[in-house]
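The structure appears right after this line, and notes come after that.
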Amino acid sequence: MKNFWNERYSIKEFIYGEDPNIFFAEQLNKLKPGKIILPCDGEGRNGVYAASCGWDVAAFDSSEAGKEKAIQLATKKGVTISYEIEDAQEVEYAENSVDVVTFIFAHLPPEVRKHIHQKAITWLKPGGRIILEAFNPDQLKNNLFMIKL
Numbered sequence: 067m068k069n070f071w072n073e074r075y076s077i078k079e080f081i082y083g084e085d086p087n088i089f090f091a092e093q094l095n096k097l098k099p100g101k102i103i104l105p106c107d108g109e110g111r112n113g114v115y116a117a118s119c120g121w122d123v124a125a126f127d128s129s130e131a132g133k134e135k136a137i138q139l140a141t142k143k144g145v146t147i148s149y150e151i152e153d154a155q156e157v158e159y160a161e162n163s164v165d166v167v168t169f170i171f172a173h174l175p176p177e178v179r180k181h182i183h184q185k186a187i188t189w190l191k192p193g194g195r196i197i198l199e200a201f202n203p204d205q206l207k208n209n210l211f212m213i214k215l
């Protein structure tokens, strides 16, 4: 998977654009800024948006090319984000340390997805939130965009 995303993000253009995911932005704008973790943040459009809204952003992805573009976008927008190259199965954050964890179309195999979702709950402070947008398995039959895992 890492090679797939590095190759995909290595082109000059931002694959998903520079603007945040609409659902993510709508949900984030309902919350008071605090600390947020963005797993699988790709080219950083959501993390950069969160930082521009006053959030303390910790993002990660397995793609070095994604990180480079995320830092480039943050610089362009005049914000700072913490962005690490991490494996979703191995990443660790302190328990009760963040206000929000966001998964926006995080393409992970089911067993990895279950594991990181369970870990993410432990990262949340009491009253913390998870923002999640994902595909429904029924979409696989559409065959518009498929990733072999």
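In our numbering, the protein residues as written are 67 to 215.
Using N, Cα and C, we set each Cβ at its ideal position, and we do this for glycine too.
Residues near residue i in its chain [Cβ-Cβ closer than 8 Å; skip 5 each side]
| i | result |
| --- | --- |
| residue 83 | 111 |
| residue 155 | 178, 181, 182 |
| residue 76 | 131 |
| residue 119 | 94, 95, 99 |
Helix, strand or coil at residue i [DSSP, three-state]
| i | result |
| --- | --- |
| residue 78 | coil |
| residue 190 | strand |
| residue 115 | helix |
| residue 70 | helix |
| residue 155 | coil |
Beta-bridge partners of residue i, as assigned by DSSP
| i | result |
| --- | --- |
| residue 269 | One cannot answer for residue 269 here, as it falls past the ends of the chain, which runs 67 to 215. |
| residue 123 | 102 |
| residue 174 | According to DSSP, which records beta bridges pairwise, residue 174 is partnered with nothing at all. |
Range of the contiguous beta strand (DSSP E) that encloses residue i
| i | result |
| --- | --- |
| residue 151 | 148-151 |
Proximal residues to residue i (C-beta, below 7 Å), its chain only, five neighbours per side dropped
| i | result |
| --- | --- |
| residue 93 | 197 |
| residue 214 | Reliability of the predicted coordinates at residue 214 is poor, the pLDDT of 43 falling under 50, and the value obtained from them is presented with this limitation in mind. Excluding sequence neighbours, residue 214 sits near nothing in its chain. |
Continuous alpha helix (DSSP H) stretch holding residue i: start and end
| i | result |
| --- | --- |
| residue 132 | 130-143 |
| residue 108 | It is not in any alpha helix (DSSP H) - residue 108 carries neither H nor E in the DSSP assignment. |
| residue 93 | 88-94 |
Contact set for residue i: own chain, Cβ-Cβ below 6 Å, skip 5 residues either direction
| i | result |
| --- | --- |
| residue 73 | none |
| residue 124 | 103, 148 |
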